[in-house]
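Numbered continuously in numbering that gives the first Met the number 0, the sequence shown closes out at residue 204.
Notes follow the structure.
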Amino acid sequence: MLKRYGYRIFFTAVILTLFNLTGCSSNLDTENHSFVSWQDNYSRLHNLTFFKNSGRLGVFTKGQRDGAAYDFEGLSGGYLLVIKSPLGNSLASATVTENTLALNIGDKNYRDDYAFAMFEQAFGFSIPVDKLKPILLGIPQGKLETDNEGRIIKAQWDGYSISYSGIMQANGLRIPKVVTVKHGDYTIKTSVSSFVLKESLHENK
């Protein structure tokens, strides 16, 4: 039942949820906030709980390409992901808290205490659902590759190859503009259109 909606659509909206901010973010070339170091930047991102970003994502496999829009919102102890059609209609949503995943697709609700198992059951493809936040914020774990300034540009994490390109600035923080995740024959690429960062629930946008 779930697979007919296509995990590609869900994924496409998920990882394109990355970072472009309308009014709240900018390309590094057009706005220059005070920047201390990448180490300081990553420390602040690790402590970030409340944020919201929107964008588009694409999924590529064996000559096929699918895309969607998405909203990705950080919550206390987890996050909410909403995948939308080009017209803005919700196709699916996922609420993730540690290893618990609740999926909503159409009028159906699905729950599983193990996020990986649930995602693979629903879409026929495994992804580190509970790791999406650090992946999208550009602070993955695993084997990391950095540039001369200490910026993370690549990572190998639990069988997933992750790469980052471009830089966005939002509220004084630097984040990836484009994130690419590869696993087997699949490639997922995200592009951010708006991103709002808050370091506390009551912080003004």
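The beta-carbon is built from N, C-alpha and C at its ideal position, and this holds for glycine as well.
| Item | Value |
| --- | --- |
| Taking its Cβ as the centre, do 16 or more other Cβ atoms sit within 10 Å of D129, making it buried, or is it exposed? | buried |
| From this set, D157, I134, S164, which residue's C-alpha is nearest D146's C-alpha? | S164 |
| Do the CB positions of I187 and V177 come within less than 8 Å of each other? | no |
| When the Cα of L172 is compared with those of A154, G183, K153, F194, which residue comes out closest? | F194 |
| Suppose you measure from the CA of D70 to the CA of V81; what does that come to, to the nearest Å? | 5 Å |
| I need the DSSP call for S92, collapsed to helix, strand or coil. | strand |
| Using the Cα positions of F50 and E148, report the straight-line distance between them to the nearest angstrom. | 26 Å |
| Please report the distance separating the alpha-carbon of G57 from that of G66. | 4 Å |
| To the nearest angstrom, report how far apart R150 and D106 are at their CA atoms. | 43 Å |
| Applying the 10 Å Cβ sphere with the 16-neighbour rule, what's the burial state of R55? | buried |
| Quick one, are the C-beta atoms of H45 and I138 less than 8 Å apart? | yes |
| Ordered along the chain, which non-local residues of its own chain (more than five positions away) have a Cβ less than 6 Å from that of S162? | K153, T179 |
| Please report the distance separating the alpha-carbon of G87 from that of I104. | 15 Å |
| Measuring alpha carbon to alpha carbon, tell me which of N52, G183, V35, P85 ends up nearest L74. | N52 |
| Hey, T60 and D184 are a contact pair by Cβ (cut 8 Å); roughly how many whole angstroms apart? | 5 Å |
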